[in-house]
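In order, the protein sequences belong to chains W and D.
Take the first sequence: its position 36, counting from 1, is numbered 35 in numbering that gives the first Met the number 0, and each next residue is one higher.
Take the second sequence: its position 254, counting from 1, is numbered 253 in numbering that gives the first Met the number 0, and each next residue is one higher.
Everything on this sheet refers to the single structure shown next.
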Amino acid sequence: MRSLLYLCTALAVIALAAWAYRENHLTQQAMNERRALEREIVLLDETISIQRAEWAYLNRPDRLRHLVDLNFADLRLVPITGAHFGEIGQIVYPLPAPRAEFSDTVEVFGAIEHLSAPSETSAMPDGDAP
Amino acid sequence: MIRTPLRPLARILKARASGEDPDLIEQENLRLRREAARDSARGRAEGRLLALAVVFVAAFVVLGARMGLLAATSPVEVSRGLIEDISGARADIVDRNGRVLATNLATHALYAETRRMVDPARAAHELERIFPDIDGTRMAARFMDPNRRFIWIRAHLSPEQMQAVHDIGEPGLLFGPREMRLYPNGRMAAHVLGGASFGQQGVRAAEIIGVAGIEHYFEDRLRDPNQTDKPLQLSLDLSVQAAVTEVLEGGKRMLNARGATAVLMDVHTGEVISLVSLPDFDPNNRPAPPTEGEPADSPLFNRAVQGYYELGSVMKAFAVAQGLEQGTVTPETMIDTRGPLTFGRFRIRDFRNYGPQLSVKDVMVKSSNIGTARIMQPIGATAQREFLDRFGFLEPMHLELSEARRARPLLPPRWSELSVMTISYGHGLSTSPLALAAGYATLVNGGRKVAPTLLKQDQVQAGAQIISQRTSDQIKLMLHQVVQEGTASFARIPGYPVGGKTGSADIPNPHGGGYKKDAVLATFASVFPSHEPRYALVVTLDEPADTTGPEPRRTAGWTAVPVSAEITRRVAPLLGLRPIGLDVANARFQQGH
């Protein structure tokens, strides 16, 4: 009985030691991974900041003005002035969409119920309802 | 220790005498001795167990606490540049719309470790080829100097240069990572940003420290490791700043001015939307401070903040406001303007004779020195001083720039009755364009004090009420009339009614003694839209001259006003203001009174 107890204890200690050894290595691996990730984050951060700086540099007002001057023939961009503001009344009322003319028979695919649905027929009052 | 005998003779003899077995006594004593030994052994064992238990509990508590602590802390990213205790990290600076004004760029510094060099002479020669300003023979001599082991060659390299140095193939030439401060917009807002340079240097990193402007003022905030990933947001608007700079540069060139400055401010929040001072510089390559000549002619000089000038007639608005506020005059009160006004041996004249009398409104519209002096005369020095102090004209105007603390206004040594009169039309008291913009903002925003700021604000400042709403409305109308009827007729812009006041001040002779001949400081302080002002704009030109006519015209109406009008025309749509007809603005004024 007692020797069984000793055996169990010894086995438990061995198992725990194996587990601790494994955990130790997993932890070290995780830490390595973390370091690699941190390096990558630093690198990406650096890249982002370089891209941001470059974007800001490419969009600097001097350069934009120069580009506007260069491309004036095509784009005709001018500084915005008060004359560029519009009134709501100046917006054209949307014209009715041109109606398609059907002379021949029209082939229709799909379920027949959709064609005879009330919304469809009322939208096309002078269409040929089946 | 006294050992009790197992067979004490006295008890044995007594037992023998009474016929008892003496062995019983020995056994009894033996038992007692064993019990004592057992008790002490148990006590020792219990003590050991207790100590062990305490040690275990303590160990587990420590481990548990550490685990809890680890679980509770938030994950932190390593910040770039944080190596060797020297941090090159620095927060970005962005404008009010988030466009980058200043940022950090990762580059590399070049250094040499001479002991690891294989062919110093060739390396020096190749370096000379890459960097034209390096002297190859001198560099070779430094490389071969046995006392030197370590030489800095370049503070930062471009990627192309770095590749070229790589291609030399010299193992003694090494690269150290460096953060570099970059101002992508070049000269734009140079005076606000200031500039930065390297502080403490290590091989792996170098400190970046702000040397002027907002970089210097917010040094601690920008380098705070907890806030380096949060950009510092300014109130400046880059598009507006670009437009103002462009127009002002054109105006300065056309009018042959020595310098020019413009300040655009939100009258309610005090946010400085644009601050330009010309000539300017490139903060990426900040010039050295001048060692000769006038410091005010240096491009580093911020005219809007450091430049305290006698600004002339623009200050009349404050004199008239005080008259209206104290009830000594109304806009319709007639003022005697017969000239010249003699005071001791001093004579006050007008630009031209405006007849025997003018209403207070026309004193403003026609800009009569005599009229303003007469309005101020009965109010007196104490009241005037106190009134101007409330606007902040007697103190250095605070702004988040390190330069703002260094300049202060010039006050008259003795505030006499003559000072009262000259200060009323803007001579004898110096004011910075920034302070003037803040003063005009207060005049037209309903009378609440405005503290200028360069940081983006979320809400309107609840400043102290300095003048009443009624006075503010009257001043607004007068400023509108100055443009519509008076000296600032060039400021009539279709769609954007502007109110403002011109000022053409004589420039004091720098070598002492009176004023310069044929040189004026032309200022136009304006607010727009005039019926309900949202922005105040101050434009100042130093010694401008309009030479398009038969004789040069130097007054503000011909110089500062057209420039200011062009700025307003360009900037108002950028600020999102809808154009409005002049008749609508006039109708609003009618309703207001």
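Don't be surprised by glycine CBs; every beta carbon is placed ideally from N, CA and C.
Sequence-distant partners of Ala163 of chain D (beyond 5 residues in either direction) whose C-beta falls short of 7 Å from its own C-beta, in its chain, are Ile129. Fewer than three Cβ pairs drawn from the region 397 to 410 of chain D and the region 353 to 363 of chain D lie within less than 8 Å of each other, which leaves the two stretches out of contact. Shown in chain order are the members of the region 473 to 499 of chain D whose Cβ falls below 9 Å from a Cβ of chain W: Ile492, Pro493, Gly494, Tyr495. If you compare the alpha carbons of D:Glu291, D:Ile207, D:Arg41, D:Asp517 with that of Glu550 of chain D, the shortest gap goes to D:Asp517. Here Ala259 of chain D has Leu247, Lys251, Leu277, Leu540 as same chain residues with Cβ atoms under 6 Å from its own Cβ, once five neighbours each way along the sequence are excluded.
Gln226 of chain D counts as exposed, since fewer than 16 other C-beta atoms from the protein chains shown sit within 10 angstroms of its C-beta. For chain D, the residues of the region 80 to 92 of chain W that bring a beta carbon within less than 9 Å of one of its beta carbons are Thr80, Gly81, Ala82, His83, Phe84, in chain order. For Asp61 of chain W, the neighbours in chain D by C-beta distance under 7 Å run, in chain order, Gly185. Exclusion of the five residues before and after Val364 of chain D leaves Gln480, Val481, Glu484, Gly485 as the residues of its chain whose Cβ lies within less than 6 Å of its Cβ.
The beta-bridge partner set that DSSP reports for Asp541 of chain D consists of D:Gly258, D:Leu520. Within chain W, no C-beta atom comes less than 8 Å from the C-beta of Leu410 of chain D; the nearest is roughly 39 Å away. Within 8 Å of the CB of Leu181 of chain D, the CB atoms of chain W belong to Ala52, Tyr56, in sequence order along the chain. If the five residues before and after Trp414 of chain D are omitted, its C-beta is found closer than 7 Å to the C-beta atoms of Ala380, Arg384, all from its own chain and listed in chain order. Note on Ala35 of chain W: under 16 other CB atoms within 10 angstroms of its CB, so exposed under the neighbour-count rule. Counted as a single uninterrupted DSSP element, the alpha helix (DSSP H) harbouring Ile566 of chain D occupies residues 559 to 573. Positions of the alpha helix (DSSP H) runs, each at least 4 residues long and wholly inside the region 211 to 252 of chain D, are given as 212 to 216, 218 to 222 in order along the chain. For the region 103 to 122 of chain D, the set of positions with a beta-carbon nearer than 7 Å to some beta-carbon of chain W reads Asn103, Leu104, Ala105 in chain order. Within the same chain, no Cβ atom closer than 6 Å to the Cβ of Arg38 of chain W is found once the five residues on either side in sequence are excluded. In terms of beta-carbon proximity, Ala571 of chain D lines the interface with chain W, with at least one pair separated by less than 8 Å.
For Thr567 of chain D, the closest C-alpha among the options D:Ile334, D:Tyr514, D:Trp557, D:Gly498 is that of D:Gly498. Interface flag for Ile13 of chain W against chain D is unset, since no Cβ pair is found closer than 8 Å. For Thr381 of chain D, the enclosing alpha helix (DSSP H) covers residues 380 to 390. For Tyr56 of chain W, the uninterrupted alpha helix (DSSP H) segment begins and ends at 1 to 57. When C-beta atoms of the region 189 to 206 of chain D are compared with those of the region 66 to 76 of chain W, fewer than three pairs fall below 8 Å, so the two segments do not count as touching.
Using a Cβ distance threshold of 8 Å, Ile374 of chain D and Ser423 of chain D count as a contacting pair. For Val202 of chain D, no chain W residue has a C-beta closer than 8 Å to its own C-beta; the minimum C-beta separation is roughly 18 Å. Contacts between Ala58 of chain D and chain W, judged by CB atoms closer than 7 Å, are missing: the closest CB pair is about 15 Å apart.
Legend: CB atoms of the region 289 to 312 of chain D lying less than 9 Å from CB atoms of chain W are not found in any residue. Here Ala256 of chain D has Leu540, Asp541, Glu542, Pro543 as same chain residues with Cβ atoms under 7 Å from its own Cβ, once five neighbours each way along the sequence are excluded. In this structure, DSSP gives Val497 of chain D a state outside helix and strand, which the three-state scheme calls coil. Within the same chain, Cβ atoms closer than 6 Å to the Cβ of Arg346 of chain D are found at Pro339, the five residues on either side in sequence being excluded.
Taking a Cβ-Cβ threshold of 9 Å, the residues of chain W close to Ala241 of chain D are Arg59, Pro60, Asp61, Leu63, Arg64, in chain order. Where Glu112 of chain D is concerned, there is no enclosing alpha helix (DSSP H), although the beta strand (DSSP E) around it starts and stops at 99 to 112. In this model, Gly446 of chain D and His267 of chain D are separated by some 10 Å (Cα to Cα). Boundaries cannot be given for Gln89 of chain W, as no alpha helix (DSSP H) includes it and DSSP labels it neither H nor E.
In the structure shown, Arg32 of chain D adopts helical secondary structure according to DSSP, grouped into three states.
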